[in-house]
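Okay, so the sequence shown: first residue is 1 according to the working numbering, each after it adds one.
Beneath this line is the structure, given in structure tokens, with notes to follow.
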Amino acid sequence: MNEKEIIRNLLRENIILTTGCTEPVAVALCVAKAKELLEETPARVELLLSKNIIKNAMGVGIPGTGMIGLPIAISLGIVCGKSEKGLEILSDVTEWVEEAKQWLETHSIDIKPAPTTEKLYIECKITSKNNTAIAVIAYNHLNFIHLQKNNEILYHFEQANETVESTKGVEVQISAKDVYLYADEAPLEEIIWVMDTVIVNAKASEVGMQGNYGLQLGKILYNDGESSLRKRVIAKTCAASDARMEGALAPVYSNSGSGNQGITCTIPVYEFGKELGCSLEKICRSLILSNLMNIYLKQYIGALSALCGIVNASIGVACGFVYLQGGDFNHITYVIKNMINTITGMLCDGAKPSCALKISTGLNAAFDCSTIAMRDMVVKETDGLSEENLDRTIRNLGKIGRFGMNDADDLTLEILTSKLHCVNC
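This is the structure:
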């Protein structure tokens with residue numbers, strides 16, 4: 001498989017329509033699949049979840065319910081979930097919410113941390129009076145690795161464990177230069193589809209602007225009377241996150257398993273290009289560059305991490321900003337290094353409505369770093385994580401995200417879960 005085929009596959013596999021935060025959605029998907037295997041009404045649901053799944057599902061709104069967290073998502077997976085809908089499994093749940101609430105009142109759900117180092121792991125065991133079904137998702141939000149009914153294993157996939165000492169076990173088949181060249185040279189008819197992501201994600205932004213979701217960051221920034229290109233771009237992006245993380249029934253195109261990364265990689269690049277008066281082709285190529293660079297970076301960081309996904313998404317956006325302003329690959333190199341030396345270390349403390357604040361922070365950095373990159377200014381090789389070679393610099397970011405922040409991940413989950421048992425601490 002050549003570089004272009006690899007890239008086309010990466011785009012197809014990682015840019016996916018979803019409704020709701022992808023972690024509770026993936027849990028609902030796993031529950032629905034297990035229920036389908038059981039083929040009867042379940043009496044009990046048991047879940048083993050990796051800490052990153054638990055962290056990202058605790059405080060986020062579940063679409064159409066007015067509720068947060070895993071229990072209602074699990075219950076919806078039971079009463080109306082259809083696994084063939086994938087990450088859109090919660091796209092049409094309004095009429096089922098009351099039934100889901102009633103199911104919660106009369107059935108048992110047991111949620112425990114999974115005994116695994118895999119950061120994306122969901123194991124659902126459903127039992128009825130006479131039967132048991134098990135479904136397991138791991139490595140990405142749609143990837144079923146084990147299906148079982150009673151003692152019959154219907155499907156099983158074993159993935160070799162990655163080393164925990166280095167990034168040697170991380171197989172990345174392309175380079176940052178390959179990403180740039182594809183965005184710059186691919187036939188327009190091959191990449192024009194990326195405009196679909198803008199249309200859908202922009203509608204989520206409109207929902208955020210019209211409603212009172214989360215901290216209303218997007219709406220407040222947009223209407224505070226001090227208008228600027230930067231503020232308008234950031235406001236429209238944050239509004240989509242406001243709506244999504246509060247549980248609005250607004251689908252978005254996700255990137256690398258994250259709706260917020262998908263929102264971040266699309267809306268600001270499109271809005272900035274539109275404000276600059278760029279051509280449709282220029283905007284399309286910038287959007288491909290932004291999305292694809294995010295996907296490339298995530299291969300080093302991993303599907304879930306203690307490193308906030310807005311770090312890599314904002315780096316993708318910064319690349320898009322540079323391209324829109326006529327920058328070449330040297331400028332792309334500069335802006336990536338500038339960004340890595342700016343926001344690396346931003347902690348993921350769970351999916352929640354205030355994620356919009358982190359998007360604002362990442363986008364402000366993208367504006368600053370792209371501005372100086374276009375003036376041929378770049379951090380020195382002696383600075384922080386930066387090295388002369390761009391891809392080695394990116395690998396350094398990956399090491400921080402995949403391995404270096406694991407203790408922070410554990411401590412963050414400890415803090416978050418302690419709040420569940422502490423009312424007036």
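Every residue gets a Cβ at the ideal spot worked out from N, C-alpha and C, and that includes glycine.
Would you say residue i and residue j are within 9 angstroms of each other, going by their C-beta atoms?
i           : j           : result
residue 409 : residue 258 : no
residue 384 : residue 300 : no
residue 142 : residue 29  : yes
residue 195 : residue 280 : yes
residue 268 : residue 236 : yes
residue 59  : residue 351 : yes
residue 215 : residue 354 : yes
residue 17  : residue 88  : yes
residue 107 : residue 44  : yes
residue 289 : residue 183 : yes
residue 334 : residue 322 : yes
residue 21  : residue 375 : no
residue 337 : residue 264 : no
residue 206 : residue 61  : no
residue 358 : residue 415 : no
residue 148 : residue 138 : no
residue 104 : residue 72  : yes
residue 256 : residue 295 : yes
residue 36  : residue 131 : no
With DSSP run on the structure shown, which of helix, strand or coil describes residue i?
i           : result
residue 414 : helix
residue 133 : strand
residue 53  : helix
residue 17  : strand
residue 252 : strand
residue 154 : strand
residue 46  : strand
residue 7   : helix
residue 89  : coil
residue 58  : coil
residue 351 : coil
residue 339 : helix
residue 409 : helix
residue 386 : coil
residue 168 : Bear in mind that the predicted position of residue 168 carries a pLDDT of just 39, short of 50, making it unreliable; the figure below should be weighed with that in mind. Residue 168 falls in the coil class under three-state DSSP.
residue 162 : Model confidence at residue 162 stands at a pLDDT of 42, short of 50, so the residue's coordinates are unreliable; what they give is reported in the following sentence. Correct three-state label for residue 162: coil.
Go to residue i, then tell me how far its beta strand (DSSP E) extends in each direction, as first and last residue.
i           : result
residue 127 : 121-127
residue 371 : That residue, residue 371, is in no beta strand (DSSP E); its alpha helix (DSSP H) goes 355-373.
residue 144 : 144-149
Report the residue from the options whose alpha carbon sits nearest the alpha carbon of residue i.
i           : options               : result
residue 319 : 302, 287, 347 and 345 : 287
residue 23  : 11, 120 and 3         : 120
residue 110 : 102, 96, 103 and 125  : 125
residue 199 : 240, 212, 221 and 180 : 240
residue 94  : 64, 72, 371 and 367   : 64
residue 112 : 403, 3 and 27         : 27
residue 330 : 370, 362 and 360      : 370
Span of the alpha helix (DSSP H) holding residue i?
i           : result
residue 205 : 194-210
residue 113 : Element bounds for residue 113: not the alpha helix (DSSP H) but the beta strand (DSSP E), 108-113.
residue 235 : 229-246
residue 223 : 217-223
residue 461 : Absent from the structure is residue 461, since the part of the chain shown begins at 1 and ends at 425.
residue 71  : 70-79
residue 392 : 390-399
residue 63  : Unbroken run through residue 63: none, as it is neither H nor E.
residue 381 : Careful: residue 381 lies outside any alpha helix (DSSP H) and carries neither H nor E.
residue 22  : 22-38
residue 189 : 188-191
request  = Mind listing, in chain order, the continuous alpha helix (DSSP H) runs of no fewer than 4 residues lying wholly within the segment 275-309?
outcome  = Under the rule that a run must span 4 or more residues, the alpha helix (DSSP H) segments found entirely inside the segment 275-309 read 280-301.
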